[in-house]
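Let me begin by presenting the structure, written as structure tokens, before commenting on it.
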Amino acid sequence: MLEEYEVNALILDPGSHSVRAGFAGEDVPKSVVPTSYGQLPSGERLFGENAIHLPRPDLEIRNPYDADGIVEDWETASKLWEYTITSRLIGARPTAPSKNGLNDGKDEQGDVDMAAEIEGLEEQEKLLQEFPLLVSEPPWNPKKERERTIELAMEDWGVPAFFLAKTGQLAAYSQSKATALVVDIGARNTSVTAVWDGMVLGKSLHHTPLAGDWLTNQVRLMFAQQQPPVPLIPHYMVKSKTPVDANAPSSATYAKYPKPPTSSFHLQEEDRVLAAFKESVVQAWQGPGRLDSPAGQGNVTNSDYVKSIPPKPFELPDGWNTVFGLERFRVVEGLFDPAAAYTSPTIPKPNSDTSIPSIINKALQSVDVDSRPVLLNNIILTGAGSLIDKLPERIQADVQALYPNPKVRVLAHSSSVERKFGAFIGGSVLGSLGSFHQMWISREEYAESGRGVVEKRYKGYESDGSVELLKPTVYVPPPTKTRRTLTVTKTNKPKAEKLTDEQLATLQASLFEQSRQKLNPTQVQPEDVMELSPDNIIKHLESELTKAKSRIAQLEGQEAAAVGHVVHAREEKSKVHQTLTNLRKTLLSRDQSIKRLQEKNAKLEAEVQQQKHTIAMLEAQAEELRRHSHGLRYQHAQASDFHNNIISNLQTEVDGLTAMVEQAKKHVQTDRPSTSSQGRVAGKGEDGMGKVEASLLSLLGG
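Residues in the sequence shown are numbered from 0 upward in steps of one, following numbering that gives the first Met the number 0.
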């Protein structure tokens, strides 16, 4: 008996920072839940944004992943994944009848026992019994964890089909690349994976702890080493705030709690502030060269050039704010130059071989020389940690310095969503392919081989360091983002039994009816068909089966060719989209330049008008001064004429007096009396002459 139905496969992309889930064919995950969870003293676990960011005095924040990004608490991880799926996608299943308290083995009188019925009912009620499941995993996931994943999916969730894929492989599929070097910058690890013709090259797998969480700690150290240190106050501690000037003390009202939250909660909330700074302010030096390398002649370095770039402001939750210049570049420099990393007594410098260019170089050195140019031309940058501004340009510059001859091209999607959810989108594309049903591990295969079937179908990277080619049993072609539904077929295979005479007669009649519809009724008679032996019937069925298989192979070939055409079309579309994006950026830049020129022109026109107004005022003042000067010259001319007249009159009087004096002298000399009388007359004459001279001098002085 065959039962066929069409459903969308579920895509689960778990990570150490968040868990993403959605249906195949969707562009973004519908459910994104933080991996960190809250645990109360009672042992109750709280999942979701609202639960873990609500301050409580007894809430501890924990994470089910270890420092290497591998699940270490499977009980919590399974509950977290179930919450991610049920909260937004399919809804929660009802509690099992044996655990809801309504169906105990016996009632009060001890008359009813429903254990058998309850057991059968529970067997039917599985969380994902109607949904095939595709799960992503880190490339270095050990065998034990992979087997635990399929065991959880098959036994606890009851999925009808299961598939396990590497995150690097899925990230390549998200950009329709069958061959690429994938650099995935996550929260706790940065990994490099080489994918060739849709298969992961196991020897190329390398990862480093220099990733998103490490950058967050770099921001924390930078804040602490600033002069003065940046006050790191999380949101939950601020009740209200008022705006203040840059670098001025904050004017905030702080919240008071009877019992403060736990240190793990406080650390989580501080990390939220640091992450906001990292996403909005931090920028990578785009190269070439390191930040402290010489930029040209003399002692000028790249850091000197960076100081000329306008700084960016940042405001903390309590209102304190300032601008950051060179510091926001130094935070990222440790990813490329470990010697430039911020350190503390508890956080030493990372090893030189753990930088991103170093692990990219290791991955390329582990593959064939002839394949390196292709991989260098298809470096895919993905992961939430890759959203740092100018990070793709810096990676391209550093890798190009290591490999000067071949062309290095870093492919980083312009959309932050596409880059952040690259692995999920690749799984969504892969799960929506019509031919992908050949890849699933069915429940029948799991029942026959157990959880070890995952290693038989997908060879993996072992923890002892042995690396093999990671490839599925059936080749997966480079997919396209075509939304399709997956057809799941449930088959109950009957055991081979010998046909009875009645069954054989029925089968012969059926064959006769098929022949009668195809041929002329006069050519085939029932008795002719009835004479067919069982061997002939089997041969006929085998012939029909061979034709059907041939037709299926033909259709699969056509589908593969169509997929190839679609991939090519998608690549062309991506190029056109990139060209349009560049044109939009160019137009936007020109618009901004025109706007700045217009603003500058408006300012210049305003200055010209102001200068014209000033010139007009100065001309008016000059005209007033000219009129005043003309009046002064006229007054001066009048005064000069008056003075000349006075001088002339005085000169006339002086001349007259001089003539009188001369006459008086002559008169005195002509009429001289006796000596005594002469003395008296002379004295009087001298006195008279003195008075006359005094009068003349006073007139001349006046």
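Where is the CB? At the ideal position from N, CA and C, for every residue including glycine.
Fair warning: this is a prediction, and the values are worked out from it, not measured in the lab.
**Study point:** Span of the alpha helix (DSSP H) around Ala171
**Key:** Thr166 to Ser173
Practice item. Look up Asn320 in the DSSP assignment and give the residues it is bridged to. Key: Glu314
**Study point:** Ile440 - DSSP class collapsed to helix/strand/coil
**Key:** strand
Exercise for review: Locate the beta strand (DSSP E) running through Leu132, then write down its first and last residues.
Suggested key: Leu132 to Glu136
Point to revise | Through-space distance from Gly211 to Leu9, alpha-carbon basis | key: 27 Å
Check your understanding: Anyone know if the C-beta pair for Trp80 and Val18 falls short of 9 Å?
Key -> yes
Check your understanding: For Ile614, which residues of its own chain have a beta-carbon under 8 Å away from its beta-carbon, when the five flanking residues on both sides are left out?
Key -> none
**Study point:** Backbone CA spacing between Ser385 and Leu540 [nearest angstrom]
**Key:** 57 Å
Review point. Helix, strand or coil for His627 per DSSP?
Key: helix
Review point. Any idea what DSSP makes of Asp183, helix, strand or coil?
Key: strand
Point to revise | Gly426 - DSSP class collapsed to helix/strand/coil | key: helix
Point to revise | Check whether Thr321 and Asn404 have beta carbons under 9 Å apart | key: no
**Study point:** Cβ contact check for the stretch 134 to 144 and the stretch 59 to 69: 3 or more pairs under 8 Å
**Key:** yes
Exercise for review: Could you give the DSSP three-state label for Phe420: helix, strand or coil?
Suggested key: coil
Exercise for review: May I ask you to report which of helix, strand or coil DSSP gives Lys665?
Suggested key: helix
Check your understanding: Would you report the Cα separation of Pro293 and Ile379, rounded to the nearest angstrom?
Key -> 29 Å
**Study point:** Backbone CA spacing between Glu443 and Asn188 [nearest angstrom]
**Key:** 36 Å
Review point. Which residue's Cα is closest to the Cα of Thr300: Pro309, Ile308 and Leu290?
Key: Leu290
Practice item. Reducing DSSP to helix, strand and coil, say where Asp270 ends up. Key: helix
Review point. Taking the alpha helix (DSSP H) that Arg371 falls in, what are its first and last residues?
Key: Arg371 to Leu375
Check your understanding: Is the stretch 274 to 283 touching the stretch 309 to 318 in the sense that three or more CB pairs, one from each, lie closer than 8 Å?
Key -> yes
Check your understanding: Quick one, which of Leu554, Pro344 and Pro349 has its alpha-carbon nearest Glu332's?
Key -> Pro349
**Study point:** Backbone secondary structure at Thr486 - three-state DSSP
**Key:** Summary for Thr486: the model assigns pLDDT 41, below 50, so the residue's position carries little reliability, and this model does not support an answer.
Check your understanding: By DSSP, does Pro13 sit in helix, in strand, or in coil?
Key -> strand
Point to revise | For Tyr256, three-class secondary structure by DSSP | key: coil
Point to revise | Stretch pair the stretch 234 to 250 + the stretch 31 to 50: three plus CB contacts closer than 8 Å | key: no
Point to revise | Leu126 versus Leu163: straight-line alpha-carbon distance, rounded | key: 19 Å
**Study point:** Given Leu401 as reference, the closest of Gln364, Phe161, Asp388 and Ser415 once Cα atoms are compared
**Key:** Gln364
Practice item. Given a cut-off of 9 Å, decide if Ser173 and Ile424 are closer than it, judged by their beta-carbon atoms. Key: yes
Check your understanding: Shortest alpha-carbon distance to Arg418 belongs to which of Ala383, Val407 and Asp196?
Key -> Ala383
Practice item. Could you spell out the range, first to last residue, of the beta strand (DSSP E) harbouring Val237? Key: Val237 to Thr241
Review point. Thinking just about the alpha-carbon of each residue, which of Gln168, Asp367, Glu150 and Leu88 is nearest to the one in Ala160?
Key: Glu150
Point to revise | CB contact flag (Asn360, Lys406, <9 Å) | key: no
**Study point:** Nearest-angstrom Cα separation, counted from Leu586 out to Lys176
**Key:** 30 Å
Exercise for review: Let me know if Met659 comes out buried or exposed under the rule of 16 or more other beta-carbons within 10 Å of its beta-carbon.
Suggested key: exposed
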